[in-house]
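I have placed the structure first, in the form of structure tokens, so that the comments after it can refer back to it.
Number of protein chains: 2
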Amino acid sequence: MPDSGPAAGCHLGLDLGGTEIKAAVMAGSGTVLAEGRAPTPRSGTPAVIAAMHALAARMVGDAPVAGVGVAVPGVVDMERGVVKFVPNVPGDWAGRPLAAELGARLGAPCLLLNDARAATFGELSLGAGRGCRHFVLMAVGTGIGGGVVANGELLLGSGGHAGEVGHQVIDLHGPRCACGGWGCAESLASGPALVAAAVRAVAQGMDTDMRAACGGDVGRITPSLVAEVAAAGDRVAAELMDALAHRLGTAAGNLVVVLNPERVVIGGGLSLAGERLLEGIRRTMAERIGWYLRHAPVDVVAAELGAHAGALGAAAWARRRVMG
Amino acid sequence: MPDSGPAAGCHLGLDLGGTEIKAAVMAGSGTVLAEGRAPTPRSGTPAVIAAMHALAARMVGDAPVAGVGVAVPGVVDMERGVVKFVPNVPGDWAGRPLAAELGARLGAPCLLLNDARAATFGELSLGAGRGCRHFVLMAVGTGIGGGVVANGELLLGSGGHAGEVGHQVIDLHGPRCACGGWGCAESLASGPALVAAAVRAVAQGMDTDMRAACGGDVGRITPSLVAEVAAAGDRVAAELMDALAHRLGTAAGNLVVVLNPERVVIGGGLSLAGERLLEGIRRTMAERIGWYLRHAPVDVVAAELGAHAGALGAAAWARRRVMG
Numbered sequence: 301m302p303d304s305g306p307a308a309g310c311h312l313g314l315d316l317g318g319t320e321i322k323a324a325v326m327a328g329s330g331t332v333l334a335e336g337r338a339p340t341p342r343s344g345t346p347a348v349i350a351a352m353h354a355l356a357a358r359m360v361g362d363a364p365v366a367g368v369g370v371a372v373p374g375v376v377d378m379e380r381g382v383v384k385f386v387p388n389v390p391g392d393w394a395g396r397p398l399a400a401e402l403g404a405r406l407g408a409p410c411l412l413l414n415d416a417r418a419a420t421f422g423e424l425s426l427g428a429g430r431g432c433r434h435f436v437l438m439a440v441g442t443g444i445g446g447g448v449v450a451n452g453e454l455l456l457g458s459g460g461h462a463g464e465v466g467h468q469v470i471d472l473h474g475p476r477c478a479c480g481g482w483g484c485a486e487s488l489a490s491g492p493a494l495v496a497a498a499v500r501a502v503a504q505g506m507d508t509d510m511r512a513a514c515g516g517d518v519g520r521i522t523p524s525l526v527a528e529v530a531a532a533g534d535r536v537a538a539e540l541m542d543a544l545a546h547r548l549g550t551a552a553g554n555l556v557v558v559l560n561p562e563r564v565v566i567g568g569g570l571s572l573a574g575e576r577l578l579e580g581i582r583r584t585m586a587e588r589i590g591w592y593l594r595h596a597p598v599d600v601v602a603a604e605l606g607a608h609a610g611a612l613g614a615a616a617w618a619r620r621r622v623m624g
Numbered sequence: 301m302p303d304s305g306p307a308a309g310c311h312l313g314l315d316l317g318g319t320e321i322k323a324a325v326m327a328g329s330g331t332v333l334a335e336g337r338a339p340t341p342r343s344g345t346p347a348v349i350a351a352m353h354a355l356a357a358r359m360v361g362d363a364p365v366a367g368v369g370v371a372v373p374g375v376v377d378m379e380r381g382v383v384k385f386v387p388n389v390p391g392d393w394a395g396r397p398l399a400a401e402l403g404a405r406l407g408a409p410c411l412l413l414n415d416a417r418a419a420t421f422g423e424l425s426l427g428a429g430r431g432c433r434h435f436v437l438m439a440v441g442t443g444i445g446g447g448v449v450a451n452g453e454l455l456l457g458s459g460g461h462a463g464e465v466g467h468q469v470i471d472l473h474g475p476r477c478a479c480g481g482w483g484c485a486e487s488l489a490s491g492p493a494l495v496a497a498a499v500r501a502v503a504q505g506m507d508t509d510m511r512a513a514c515g516g517d518v519g520r521i522t523p524s525l526v527a528e529v530a531a532a533g534d535r536v537a538a539e540l541m542d543a544l545a546h547r548l549g550t551a552a553g554n555l556v557v558v559l560n561p562e563r564v565v566i567g568g569g570l571s572l573a574g575e576r577l578l579e580g581i582r583r584t585m586a587e588r589i590g591w592y593l594r595h596a597p598v599d600v601v602a603a604e605l606g607a608h609a610g611a612l613g614a615a616a617w618a619r620r621r622v623m624g
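So the protein lines, in turn, are chains A and B.
Read in order, the letters of the first sequence correspond to residues 301 to 624 in the numbering used here.
Read in order, the letters of the second sequence correspond to residues 301 to 624 in the numbering used here.
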């Protein structure tokens, strides 16, 4: 179906990250036309907004823009289009009417959405959740974000804050979490939790190839290093990956019994560890909630959209809202 | 609005429990006309179904019945009206086409629903969730059941199994749960968990009035005994109640960050412990997810419908489905 006339303009998605701004352009038909990225300025809010606008202008050119969606790594007031709290992007964000400012610059209605919710909507529209009526996304990286789809719709809750799946407590007496709580899935099963466990193993003198892989400098241990050493057959690293999968599987199981989804989608940087991680999550769910899965089976799959999930989801969200 | 004509017949709710069958009759207008109960026969499925029919007939008399809802303490196939698994009512339930059997006897369409979901729908229609777009129910008794309301609708998930809030894991290394998992909220924060902690305290020789209250026989300790002794000022019993509230508050907090409800409704027998329990749940949520509640405040309130929540909810569910 060709796009024609102003009402069929393109839909732009912007994903504001701590190091990069990503963008996606979607036709009125839903086809993805372009993807792009630019560094996030470190010099404050006006520079960041200018960079978002410049990236958008470069991506869109002279094409009419029907709607803009912005994925924000923090708390937003979706109704008013105002940013409330953004921990990881330098600048003065609280109270910023970002939707109005960007909308005016781009000449189109602009909507804000939390970035993990945007990624969830992206997977629903274009990725691993396509055709699913009920699924949950767990995006596992430095933190654990996510989102919930119920009855084919993104679940927002009373203020758009539903889907903070990383701050479920899975260990009453677990470690302090960056959120201020303790024992959250994010404190136990995120990238930093995996790195911490690997650092301890190396520093304790365990017999592991992770020591050679980091050149003896534990500051160079990353989640991918642990995953790679595990994949190459190292027993200690494999145990760490399996412990991580057990904790993720426990958190995923919690979501399953509460939400009865058809599918659990694992995204974020750690999902690149692949089938071993997914298999560990499936095994844990079978151990812990096998009674439930007998009546309510669930698939565990990897996310499909990678690093552009947020921008694609934001574009799809704008399209959905503008086109109704 | 007067009820007239066959389409405006009454709606009957039946709640099948391990010891009692409860019933409620609702007018087409939504007004509750009558409530009743009868013992659950111990002699097998045909006797139980006959007792449900007899109670229904006694409640309804000659009035036309427009719809019947049945709350089942287990797993049902909602689409087909077939029971799949009922652990606590003697009989041969698996595969039983209960909706067809009762519907034929009562001459009206019959719908099955899990009992905790029925109670949630009851609180939504007539109780503590009235007017709420987003809430969760935790029903705390011998087990912990519950349900989720999102966007003003009962959340069913892909097969009607959403809302098993008691089988969220809150302690990775917690005790074995009746479900086969371990560390579930139900294993740590239900009536039996409270009784077990009280038995240990008494048997260990702690200085507590619970010993006198049970006449030295720990087999007589009940959740209400602990709650009453705590309310009378006993420090040990009060600590047990507060520990229970902490665990319930942790589980409730998990639901809040995932679902962003306006309200958490606490029901079940233990909710009769009252304000001390609710206050402990609120305090725990403030400690653990205070960061979240700043942007997404939530009320914690007691359920309103008591032991008839399931029957009322089942009647309301039938009415809603029949009237559209």
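C-beta: ideal position from N, C-alpha, C; glycine also.
As the structure is a computational prediction, the values presented were derived from the model and not from experiment.
In the structure shown, what three-state DSSP assignment does B/Trp-617 receive? Note: B/Trp-617 maps to helix in three-state DSSP.
Does A/Ser-343 pass the burial test, meaning 16 or more other C-beta atoms within 10 Å, or should it be called exposed? Within a 10 Å sphere around the beta-carbon of A/Ser-343 sit fewer than 16 other beta-carbons, which makes this residue exposed.
When the Cα atoms are used, what is the spatial distance from B/Leu-437 to A/Gly-407? Looking at the backbone, the Cα of B/Leu-437 and that of A/Gly-407 are separated by about 44 Å.
As assigned by DSSP and simplified to three states, the class of A/Arg-396: Three-state DSSP puts A/Arg-396 in coil, outside helix and strand.
Which class does A/His-311 belong to by DSSP, given the choice of helix, strand or coil? DSSP places A/His-311 in strand when its eight states are reduced to three.
I want to know whether the segment 387 to 399 of chain B touches the segment 359 to 375 of chain B - three or more CB-CB distances under 8 Å. A contact exists between the segment 387 to 399 of chain B and the segment 359 to 375 of chain B.
Own chain, CB closer than 8 Å to A/Glu-528, minus 5 neighbours either side, in chain order: If we look at A/Glu-528 and ignore the five residues flanking it on each side, its Cβ neighbours are Ala-513.
Given this structure, state the Cα-to-Cα distance separating B/Ala-404 from B/Val-365, to the nearest angstrom. Going by C-alpha positions, B/Ala-404 is about 12 Å away from B/Val-365.
Give me the chain A residues within the contact set of B/Cys-479, using Cβ-Cβ distance strictly less than 7 Å, ordered along the chain. Within 7 Å Cβ-Cβ: Trp-591.
Residue of B/Asn-451, B/Gln-468, B/Ser-425 and B/Leu-424 minimising C-alpha distance to B/Gly-445: In this structure, B/Gln-468 is the residue among B/Asn-451, B/Gln-468, B/Ser-425 and B/Leu-424 with its C-alpha nearest to the C-alpha of B/Gly-445.
Can you tell me whether A/Ala-603 is helix, strand or coil according to DSSP? Reduced to three states, the DSSP call for A/Ala-603 is coil.
Give the single residue among B/Val-600, B/Ala-327 and B/Val-383 whose Cα lies nearest to the Cα of B/Ile-349. By alpha-carbon distance to B/Ile-349, the top candidate from B/Val-600, B/Ala-327 and B/Val-383 is B/Val-383.
For chain A, check one thing: does any of its Cβ atoms lie closer than 7 Å to the Cβ of B/Glu-458? It is worth fixing the name first, because residue 458 of chain B is Ser in this sequence and not Glu. At a cut-off of 7 Å between beta carbons, B/Ser-458 contacts chain A.
So that I know if they touch, is there some Cβ in chain B lying closer than 7 Å to that of A/Asn-560? Chain B contact via Cβ: present.
Which chain B residues are close to A/Phe-421, counting only those with a beta carbon under 8 Å from its beta carbon? Those do not exist, as A/Phe-421 stays about 16 Å from chain B at its closest Cβ, beyond 8 Å.
Would you identify the three-state DSSP class for B/Asn-554, choosing helix, strand or coil? DSSP, read as helix, strand or coil, puts B/Asn-554 in helix.
Whether B/Thr-420 touches B/Gly-491 by CB criterion (7 Å): Not in contact: B/Thr-420 and B/Gly-491 (Cβ atoms no closer than 7 Å).
Could you check if B/Pro-475 is buried or exposed, using at least 16 other CB atoms within 10 Å of its CB as the buried criterion? Result: exposed.
Can you tell me whether DSSP reads B/Gly-491 as helix, strand or coil? Shown here, B/Gly-491 sits in a helix according to DSSP, grouped into three states.
Using the rule of at least 16 other Cβ atoms within 10 Å of the residue's Cβ for burial, across every protein chain shown, is B/Thr-584 buried or exposed? Answer is buried; the Cβ neighbour count reaches 16.
I need the straight-line Cα distance from A/Gly-463 to A/Pro-561, nearest angstrom please. Using only the alpha carbons, I get a separation of about 13 Å.
N- and C-terminal bounds of the alpha helix (DSSP H) containing B/Pro-346: First-last of the alpha helix (DSSP H) with B/Pro-346: 345 to 360.
Considering Cα atoms alone, identify which of B/Glu-401, B/Pro-597, B/Gly-313 and B/Gly-606 is closest to A/Gly-457. Comparing alpha carbon positions, the residue from B/Glu-401, B/Pro-597, B/Gly-313 and B/Gly-606 closest to A/Gly-457 is B/Pro-597.
Using the beta-carbon count (16 or more within 10 Å), is A/Pro-346 buried or exposed? A/Pro-346 is exposed by the Cβ-count criterion.
With the cut-off set at 7 Å, would you say A/Leu-424 and B/Asp-471 are in Cβ contact? Judged by beta-carbon spacing, B/Asp-471 lies beyond the 7 Å limit of A/Leu-424, meaning their Cβ atoms are not closer than that value.
Entirely enclosed alpha helix (DSSP H) segments - the segment 532 to 601 of chain B, minimum 4 residues: Given a length threshold of 4 residues, each whole run of the alpha helix (DSSP H) inside the segment 532 to 601 of chain B is given here in chain order: 535 to 559 and 575 to 593.
Across which residues does DSSP place A/Glu-335 in a beta bridge pair? DSSP lists A/Ala-324 as partners of A/Glu-335.
Give the C-beta separation of B/Ala-489 and B/Leu-555 to the nearest angstrom, bearing in mind that I take them to be a contact with Cβ-Cβ under 8 Å. Between B/Leu-555 and B/Ala-489 the Cβ distance is about 13 Å, and since that is not below 8 Å, they are no contact.
Is any beta-carbon of chain B found at less than 7 Å from that of A/Leu-472? Closer than 7 Å to some Cβ of chain B, the Cβ of A/Leu-472 qualifies, so yes.
Cα separation between B/Val-495 and B/Ile-521? Spanning the two alpha carbons is a distance of roughly 6 Å.
For B/Leu-437: DSSP bridge partner residues: Looking at the DSSP assignment, B/Leu-437 forms a beta bridge with B/Gly-447 and B/Val-565.
Which residue comes first and which comes last in the alpha helix (DSSP H) that contains B/Ala-266? Here chain B has residues from 301 to 624 only, and residue 266 of chain B is not among them.
Inter-residue CB distance, A/Ala-334 and A/Met-359 (contact presumed, cutoff 8 Å): Contact holds; Cβ gap of about 6 Å.
Can you find the residues in the same chain that come closer than 6 Å, C-beta to C-beta, to A/Ile-581, ignoring five residues on each side of it along the sequence? Listed in chain order, the non-local C-beta contacts of A/Ile-581 below 6 Å within the same chain comprise Ala-545, Leu-548, Gly-549, Ala-552 and Val-600, local neighbours out to five positions each way being set aside.
Are at least three pairs of beta-carbons, each pair with one atom in the segment 322 to 330 of chain B and one in the segment 612 to 622 of chain A, less than 8 Å apart? No: fewer than three Cβ pairs fall under 8 Å.
Cβ neighbour criterion (16 or more within 10 Å) applied to A/Thr-508: With 16 or more other Cβ atoms inside 10 Å of its own Cβ, A/Thr-508 counts as buried.
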